[in-house]
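Chains as they are written, first to last, in the working numbering: chain Z, 14 to 341; chain B, -15 to 255. Even glycine gets a Cβ: it sits at the ideal position worked out from N, Cα and C. For reference, the structure is listed below as structure tokens.
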Amino acid sequence: MNHPPSMSGETLEIRRLRKTYGTDVVANDDISLDVRPGEVFGLLGPNGAGKTTLVNQCIGLLKPTAGTIQMGEVDLVARPAAARQLCSYLPQAPLPIDSFSVEQAVRLVGQIRGGGADAVRRRADELIETLELTEWRSKLGRKLSGGVLRLVGFLTAAVWPGRILILDEPTNDVDPLRRRLLWHEIRRIADNGTSVMLVTHNVLEAERVVDRLAVIDGAKIVAEGTPAALKTRFQGQLRLKVQLEPAAERPDAPGFARQFAVVGRRLLVAIDEAATLEAIEWARALVRHGIAEEYELAPPTLEDTYVSLIRNGSGKNAGGDDELLDDA
Amino acid sequence: MSYSTTHDAVPTLPAASLSPQLRSGPSHWLRSYWLMVRWEFMSLRLIFPIMVLVQIFMGAGLVIGFSLLFEEVPPLQAVYLSTGSTVVSMLVVGLAMAPQLVAQHKMAKTYDFMWSLPVPRLAQAMANITVWIMVTIPGVILALLVANWRFDLDLQVSLMVVPAFLLTILVATSVGLAFAHALPNPMVTAMITQVLIFVILLFSPINFPPERLPEWLQVIHRFLPFQHAANVIRGSLTEGLAQNVGESFLVLAAWGVAGWGVTAWVLVRRG
């Protein structure tokens, strides 16, 4: 947000992209977006929304049914080999590096991505140090834990990232401290002029890291902008979260609730700021009567926007998406 | 809030990684090929010795095992078995091991990563085949040595052995890779490889002359690569036993072009 995109480099321009499988499955529908140099761009959406299909078209693995993907002069649809050179991709699946040591894997992929042996070795050493992976540098891939393997995957993409670094859920299984180091490094890579496309459904993390984001649902972009801009729809609102007692009966929606959702033993209530006192009274009464264990009042997050977008968009998650709201 | 860069004690990313120069041409192809050979070899590093051992055992095992079918192996049969076993082990590597590894990548979902690497795809496929040739050669040589010792053969190795071996492995791997890459379901690939091993071992005129097969199967084998692979290998290791070696080379070359063509088409095409 507070990083103006650098003026050098070129923007990845996706225009009116459409991808269908067979005659009736639409995976991407009229998607247009820009990822600028020096920017961390978030691509958010539930499972099956079409994120991976979009990425696979950018890196030349899939051919769009219609639309264009352009970076400066280069047409990434017509030239998949060029697309693979411009994009450095970290997939969600683990890398096949069972028999590589960490440094071997990072160095070799760095060279494959176009770096010279010496420059890649220096950069690999720097990254291994930055992400505090020194104790694993000679270990074989098959001996690494899921989180370390994930970080090594990131290293293989980041060691020579090219123009666009595409990261699919880079922090999965990674411990909180190294997550911070990872985000820091991602920011540094963006500051250096590389465009970063971050594919995730971890909205809370994305909110802190991305400059701009697009939310995809049901094959379409349902919102796009900075995290702050996307949250303005909830300006003047607060979120009341109530944890119910295990055996308690579920209370009815109070009159002041603008939105009311129950997920498992958790109540999520959207309220206007003006109703704050009333809401606290209501929640305290629930605790007093042994219906609720605890409550919490907080400003809306990007996640609130996200959840409301996804529900309004396709309606297919209207039954409540536990995974999304569990962290709420 | 975002994580802004406040410390820059470490050197920043080299600007060269942002190079807008797209790489192309023969030097890019060769560099990519060499790097991918290293990648493939490193990937197989831990099982490479086992694969070579399996190859040796299979080659030697075929020679010794098949010879148990006879009380006393007639000299002609001995030559057929010894030369045929090397062909069988080459075909098994190309038509079973190579496609199974592709299927494994698809099952482990590492396939997309491998093919999103910024190298020419044909260089990548060639690197793959190169490593399979490296897996095959030691076993083939050792199988021949074992056969020589077991049957006291008098093999006449000619220079033709180099193109004969390379073409046979190339045909086997390119056909194997063609269906492994083309078939979306890796389980189907695994099943096809099983069937192929069965057909190669029992119903292909590799370890015996084609005349022993029913006529209709002889006709089919005239167009399949198995018998011709056996013929060129036999032609390069013996004298006077193989006939129409030139024709066999042509049939094999046609299969090589077809297998490689399909592999190339499948790899370059996008869904």
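- Exclusion of the five residues before and after F50/B leaves L65, N191 as the residues of its chain whose Cβ lies within less than 7 Å of its Cβ.
- A straight-line Cα-Cα distance of about 11 Å links L225/B and T67/B.
- Take R225/Z, set aside five residues on each side of it, and the residues of its chain with a beta-carbon closer than 6 Å to its own are F54, T239, in chain order.
- Around the beta carbon of E24/B, 16 or more other beta carbons lie within 10 angstroms, which makes this residue buried.
- Distances from the CA of N215/B to each of F207/B, E223/B, V77/B, Q227/B were compared; the closest alpha carbon is that of Q227/B.
- Collapsing the DSSP output to three states places I82/Z in a strand.
- Rounded to the nearest whole angstrom, the C-alpha separation of I229/Z and L46/Z is 11 Å.
- Taking a cut-off of 8 Å on C-beta distances, the region 233 to 244 of chain B touches the region 200 to 215 of chain B, as three or more cross pairs fall below it.
- Legend: CB atoms of the region 89 to 101 of chain Z lying less than 7 Å from CB atoms of chain B belong to residues P93, A94, A95, R97, Q98.
- The region 60 to 70 of chain Z makes no contact with the region 133 to 145 of chain Z: fewer than 3 CB pairs, one atom from each, lie closer than 8 Å.
- Apart from sequence neighbours up to five positions away, the residues of its chain that approach M98/B with a beta-carbon distance below 7 Å are H89, ordered along the chain.
- DSSP, read as helix, strand or coil, puts K156/Z in helix.
- By the neighbour-count criterion, in which a residue is buried when 16 or more other Cβ atoms sit within 10 angstroms of its Cβ, P10/B is exposed.
- Chain order gives the chain Z residues near W99/B as L74, where near means a beta carbon separation below 8 Å.
- Identification of chain B residues near P104/Z by a Cβ-Cβ cut-off of 7 Å yields D96, F97, ordered along the chain.
- The contact set of Q250/Z on chain B, defined by CB atoms closer than 7 Å, is empty, because the minimum CB distance reaches about 21 Å.
- Contact holds between the region 67 to 77 of chain B and the region 25 to 43 of chain B, because three or more Cβ pairs, one in each stretch, are under 8 Å apart.
- Look at G129/Z here: in three-state DSSP terms it is coil, with no helix or strand label.
- Distances from the alpha-carbon of S142/B to those of R7/B, I184/B, S220/B put S220/B closest.
- Separation of L154/B and H12/B (C-alpha to C-alpha, rounded to the nearest whole angstrom) is 23 Å.
- Under the 8 Å Cβ criterion, the region 74 to 83 of chain Z counts as touching the region 29 to 37 of chain Z, having at least three qualifying pairs.
- Distance from the CA of P174/Z to the CA of A130/Z, rounded to the nearest whole angstrom, comes to 15 Å.
- About 5 Å separates the beta carbons of G154/Z and F113/Z, which is inside the 8 Å limit, making them a contact pair.
- Excluding the 5 residues flanking it on each side, L150/B has no same chain C-beta neighbour closer than 6 Å.
- Annotated three-state conformation of G224/B is coil, per DSSP.
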